[in-house]
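Structure, as structure tokens:
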Amino acid sequence: MKKILTYGTFDLLHYGHINLLKRAKEMGDYLIVGLSSDEFNTLKNKKSYYSYEHRKMMLEAIRYVDKVIPENTWDQKIEDVKKYDIDVFVMGDDWQGKFDFLKEYCEVVYLPRTIDISTTKVKKELLNVNNG
């Protein structure tokens, strides 16, 4: 069985997220998503609209996702790759090169982002709707 791993916050779930998860799943048989915990988001100076538990519930409902694990630190990736016997690590290409250190343990793939959508863009557009 070919196992795939990706990470993210997956706040304000949108079609770009679904597209990433679909393309990641197409690369193997079993997709694990490392989901940023609320505490980890605080360390990254990020605030999610939805709690970890709600984001986890939404991800688990997506047919491409087989397992959701908490992402608690930047440094857990090597440990997770080893623990879950990962074959391919997948991230959006906005992270190009940042996870090349994992090539020692598995294949690393950076997928092109879905054009014209991001959580940041959604948040900005919602703010404009509310202020307009």
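Here my numbering is used: position 123 in the sequence shown is 198, and no number is missing along the way.
No residue lacks a Cβ here, since even glycine has one placed at the ideal position from N, Cα and C.
Next item on the list: Output the distance between the C-alpha atoms of L80 and L202, rounded to the nearest integer angstrom.
Entry: Working through the sequence shown from its first residue, we reach residue 80 at position 5. Working through the sequence shown from its first residue, we reach residue 202 at position 127. Rounded to whole angstroms, L80 to L202 spans 33 Å at the Cα level.
Exercise for the section: Count the other C-beta atoms from every protein chain shown that fall within 10 angstroms of the C-beta of H129, then say buried if there are 16 or more, exposed otherwise. Expected result: For the purposes of this step, residue 129 is identified with residue 54 of the sequence shown, where counting begins at 1. The residue in question, H129, is exposed, as its Cβ has fewer than 16 Cβ neighbours within 10 Å.
For T81, the three-state DSSP class (helix, strand or coil): For this step, residue 81 is matched to residue 6 along the sequence shown. Note: T81 maps to strand in three-state DSSP.
| said: So, for E182: in the same chain, excluding its five sequence neighbours on each side, which residues have a beta-carbon less than 8 Å away from its beta-carbon? | reply: Taking the sequence shown and counting its residues from 1, one reaches residue 182 at position 107. Correct list, in chain order: D162, V163 and F164.
Query - Residues near Y159 by beta carbon distance below 7 Å, same chain, minus five either side - result: Residue 159 sits at position 84 when you count from the first residue of the sequence shown. Answer for Y159: K78, L80 and I107, listed in chain order.
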